[in-house]
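Protein chains: 2
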Amino acid sequence: MAGGKGERFWPLSTSEHPKQMLALVGDRPLITLAVERLDGLVPVEDIVVVTSAALVQATLEALPGLPPENVVGEPFGRDTAAACALALALVKARDPEAAFCILTADHIMGELDVFRSTLRQGFALALARPVLITIGIPPTFPSTGFGYIEAGDRVEAEGDVEFFDALRFVEKPDTQKAATYLETGRFYWNAGMFIWSVPTLESALQAHCPQLRQMCDRLLPTVGTPELMPALDAEYSKLEKISVDYALMEKAENIVMAKGVFPWDDVGSWLALENHFEGDASGNIVVGSCESIDSGGNIVMSNERLTALVGVRDLVVVQAKGATLVCRKDRSQDVKKLVKLLGEKGEYGSVL
Amino acid sequence: MAGGKGERFWPLSTSEHPKQMLALVGDRPLITLAVERLDGLVPVEDIVVVTSAALVQATLEALPGLPPENVVGEPFGRDTAAACALALALVKARDPEAAFCILTADHIMGELDVFRSTLRQGFALALARPVLITIGIPPTFPSTGFGYIEAGDRVEAEGDVEFFDALRFVEKPDTQKAATYLETGRFYWNAGMFIWSVPTLESALQAHCPQLRQMCDRLLPTVGTPELMPALDAEYSKLEKISVDYALMEKAENIVMAKGVFPWDDVGSWLALENHFEGDASGNIVVGSCESIDSGGNIVMSNERLTALVGVRDLVVVQAKGATLVCRKDRSQDVKKLVKLLGEKGEYGSVL
């Protein structure tokens with residue numbers, strides 16, 4: 217999945233360069249890293265990218281090794297449930313018995329051997345048993361920015377990856393709840409990564425959102441033909457926006473959680489960069505050109521222009537593409553609101 | 217006097233566009249307003265501008281009505297005492313008995329009739345008696361950003377402008393002293409504006425800084441000839457930097473203060489803009505393009521790009537000329553330090 221509207225990392229991210237296209241860490245776009253991460257596990261011809269129609273070209277440029285027909289553009293965003301059903305059709309056309317995983321293009325991960333091992337053992341389990349597997353990350357702090365999965369009994373499986381019954385999915389908690397979740401040791405971050413087989417996902421869609429199952433069936437014969445795009449257009453225009461968590465995972469009973477013990481972050485806002493960069497002597501995280509006096513704890517991205525700070529603390533300052541954001545660090549989740557506001561004003565198209 | 221290095225209003229002000237060249241208030245440069253302010257009092261051919269050599273061309277462009285020979289460029293800055301001695305030569309060449317005033321090109325004033333009346337009556341007094349007149353502004357708040365003049369007995373003079381013996385000049389006080397000054401009612405802001413006659417200033421320089429008197433004498437025959445610039449070069453290279461306050465006004469006994477009851481500000485830093493602009497509904501002062509969420513009390517100048525604020529208070533944000541300043545409002549006097557730092561780094565020439 218490589219959709220996204222480029223709101224949370226504005227002004228660096230824009231509708232034409234959403235988060236997955238940015239080199240937020242390292243020197244290559246997140247989507248490039250996301251595909252490289254599967255090296256040795258999934259052959260590149262079996263990696264399919266679902267993105268928005270407007271981003272197909274840019275996605276292909278970021279993924280020069282991928283067969284062009286493996287990048288499919290959605291005519292409009294219909295959230296993750298629709299994207300998963302589309303992916304199901306795309307995979308089933310290749311192999312109707314396949315196990316496959318849904319990953320997102322804008323996460324940051326480490327210890328990739330562990331990550332790949334988790335997927336490999338997840339594929340084996342998904343082929344062996346009719347379960348929907350979701351990856352849960354052991355929380356390292358009481359985050360209010362992620363949803364959680366409550367894990368139950370251990371599920372037996374080959375290998376070193378631990379699998380558990382997933383008892384329930386819970387939405388982003390408040391601070392107190394998040395702290396409780398952390399204490400119990402039973403709650404895991406919902407990383408939004410899924411592993412399942414074609415038949416198991418088909419059955420689950422049939423049971424919980426039959427209209428998506430039907431869409432998948434209707435799309436299947438068009439995969440690999442010029443009919444796919446018009447068919448997608450017709451199907452998507454009938455859909456409501458709904459996430460795969462709401463539409464499926466919170467309803468299904470046969471959910472298993474794979475414990476993902478690799479470093480993981482979905483880098484939800486500018487604030488999250490603190491986890492991925494070392495600060496300078498003053499505790500400022502600086503990418504680009506910045507000079508400061510008596511300023512600390514700031515996150516600065518300023519590749520095209522100079523940013524100069526005097527006496528300021530705990531700000532996010534980002535200069536990119538004709539705009540500059542100055543945001544209190546603990547308000548960086550509200551950048552999304554700001555982008556909405558700018559969109560409503562109707563005069564900032566050039567920077568959105 | 218229209219020198220200045222463009223430090224305090226960086227990044228809008230630069231060495232090529234120092235403060236007096238900026239349209240900080242209104243839509244024309246401060247220097248243009250400064251000359252227009254004399255309309256009806258001093259004929260334009262009698263207005264002489266002393267600036268830095270590098271700024272002569274820009275000054276002429278800002279003052280299209282001025283005879284080009286009336287703009288004289290100093291080869292290097294030697295502070296205000298040298299500029300006053302140079303002005304003395306330039307005026308004496310026109311009229312050895314003239315009264316004249318020294319004004320600065322970067323102040324903001326109101327009630328211009330009152331201002332002109334103050335000058336007019338000051339000229340009369342300067343011609344009638346051998347006194348050095350300085351203009352003092354009744355303080356409206358305990359400013360620590362201005363020097364002060366302590367006023368003594370009233371001096372008799374024609375007209376409605378009040379003149380006092382100037383007892384002493386005091387440097388920028390700390391907060392407590394400033395409060396005391398305000399309470400006494402005897403202390404006035406030193407506005408750095410002077411009125412004197414050629415003979416009186418000559419005598420005063422002779423007494424307190426004879427090297428400047430001699431420089432004036434040597435420059436006099438070169439005024440209006442191509443010899444002026446090489447002569448200035450030779451003279452200035454021998455001078456130390458010293459302000460007219462230190463060199464003359466603090467030493468002379470025959471100082472009279474004219475009480476300037478017109479609105480006046482020298483706009484010493486970005487913070488001072490609060491006195492000259494109305495805030496918007498959130499209390500932000502905005503010039504240019506700015507959108508904000510939950511942000512107030514900020515001063516934003518953003519003519520070329522969009523500035524977007526989220527959750528920030530009491531900041532100065534200025535985007536201009538390839539750089540962006542983010543400064544706590546109460547630290548805006550330190551912008552000068554920042555510019556010094558940038559200069560020392562040696563890699564920011566394009567934005568200084």
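Protein sequence lines, in the order shown, are assigned to chains D and E. So for the first sequence, our numbering puts the first residue at 217; every next one is plus one. So for the second sequence, our numbering puts the first residue at 217; every next one is plus one. Every residue, glycine too, gets a C-beta built ideally from N, C-alpha and C. Keep in mind the model is a prediction, meaning the values are calculated, not measured.
Which residues of chain E have a Cβ atom closer than 8 Å to the Cβ of V542(D), listed in chain order?
T523, A524, L525, V526, V528, L531, V533, V542
Per the contact definition of three or more C-beta pairs closer than 8 Å, is the segment 490 to 503 of chain E in contact with the segment 490 to 509 of chain D?
no
Contact list for V551(D) against chain E, beta-carbon separation under 8 Å:
In chain order, V526 make up the part of chain E whose C-beta sits under 8 Å from the C-beta of V551(D).
Measuring only the C-alpha atoms, how far is T356(E) from T391(E)?
14 Å
Where in the segment 389 to 441 of chain D do unbroken runs of the beta strand (DSSP E), each at least 3 residues long, occur, reported from the N-terminal end onward?
403 to 413
Determine the contact status of L525(D) and S505(D), defining contact as a CB-CB distance below 8 Å.
L525(D) is not a Cβ neighbour of S505(D), given a cutoff of 8 Å.
According to DSSP, simplified to helix, strand and coil, what is R370(E)?
strand
Does the distance from the C-beta atom of M517(D) to that of A536(D) stay below 8 Å?
With a cutoff of 8 Å on beta-carbon distance, M517(D) and A536(D) are scored as near each other.
Let me know the secondary structure DSSP gives F385(D) once reduced to three states.
strand
Let me check understanding here. Comparing Cα to Cα, which of I263(E), E563(E), P280(E), F225(E) lies closest to L319(E)?
I263(E)
Comparing C-alpha positions only, which one of F379(E), W486(E), W405(E), R332(E) sits nearest to L348(E)?
Each of F379(E), W486(E), W405(E), R332(E) was checked against the Cα of L348(E), and the nearest Cα belongs to F379(E).
Buried/exposed call for A394(D), threshold 16 Cβ in 10 Å
buried
Neighbour list for R294(E) in chain C, Cβ cutoff strictly below 8 Å
Any reference to chain C falls outside this structure, whose protein chains are D and E.
For R547(E), which residues in chain D fall below 9 Å Cβ to Cβ?
I509, D510, V526, G527, V528
Does the pairing of the segment 442 to 454 of chain D with the segment 287 to 302 of chain D give three or more beta-carbon distances under 8 Å?
yes
Between which residues of its own chain and F331(E) is the CB-CB distance below 6 Å, once the five residues before and five after are set aside?
Same-chain partners within the cutoff: M325, F478.
Can you tell which of K556(E), V266(E), L531(E) has its C-alpha closest to the C-alpha of D590(E)?
Only positions 217 to 568 of chain E appear in the structure, and residue 590(E) is not among them; the question remains open.
Whose Cβ in chain D lies nearer than 7 Å to the Cβ of A209(E)?
Given a span of 217 to 568 for chain E in the structure shown, any question on residue 209(E) remains unanswerable.
Can the beta-carbon of L302(D) be found less than 8 Å from the beta-carbon of L435(D)?
Yes, they are a contact pair.
What number of angstroms, rounded off, separates the C-alpha of P346(D) from the C-alpha of H424(D)?
Straight-line measurement puts the Cα of H424(D) at about 15 Å from the Cα of P346(D).
Rounding to the nearest angstrom, what Cα-Cα distance links M495(D) and T248(D) in this structure?
The amino acid at residue 495(D) is misidentified as Met; the sequence shows Gly. Rounded to the nearest whole angstrom, the C-alpha separation of G495(D) and T248(D) is 25 Å.
Write down every uninterrupted run of the beta strand (DSSP E) in the segment 493 to 520 of chain E whose length is 3 residues or greater and which is fully enclosed by it, in chain order.
501 to 509
How far does the alpha helix (DSSP H) with L249(D) in it reach, from first residue to last?
From DSSP, the alpha helix (DSSP H) with L249(D) extends over 246 to 252.
Could you tell me whether the segment 364 to 376 of chain E touches the segment 412 to 419 of chain E, using the rule of 3 or more Cβ pairs below 8 Å?
no
Give the DSSP-derived three-state secondary structure of K475(D) in the structure shown.
Here K475(D) sits in strand by DSSP.
Consider the Cβ of K561(D): report whether some Cβ of chain E lies at a distance smaller than 8 Å.
yes
Is the beta carbon of K561(D) within less than 7 Å of some heavy atom of the ligand PLP?
Looking at this structure, you won't find the ligand PLP or any other ligand, since it has none at all.
Span of the alpha helix (DSSP H), counted from its first residue to its last, around S485(E)
It is not in any alpha helix (DSSP H) - S485(E) carries neither H nor E in the DSSP assignment.
Quick check: the Cα distance between V288(E) and D550(E), rounded to an integer number of angstroms?
31 Å
Taking C-beta pairs closer than 9 Å, name the residues in chain D that L554(E) reaches, listed in chain order.
Residues of chain D passing the Cβ test: E507, S508, I509, A524, L525, V526.
Measure how close the beta-carbons of L448(D) and C432(D) come, nearest whole angstrom, since I'm counting them as under 8 Å.
11 Å between Cβ atoms; not a contact.
Terminal residues of the continuous alpha helix (DSSP H) containing S333(E)?
Membership of S333(E) in the alpha helix (DSSP H) is indicated by the continuous run 328 to 344.
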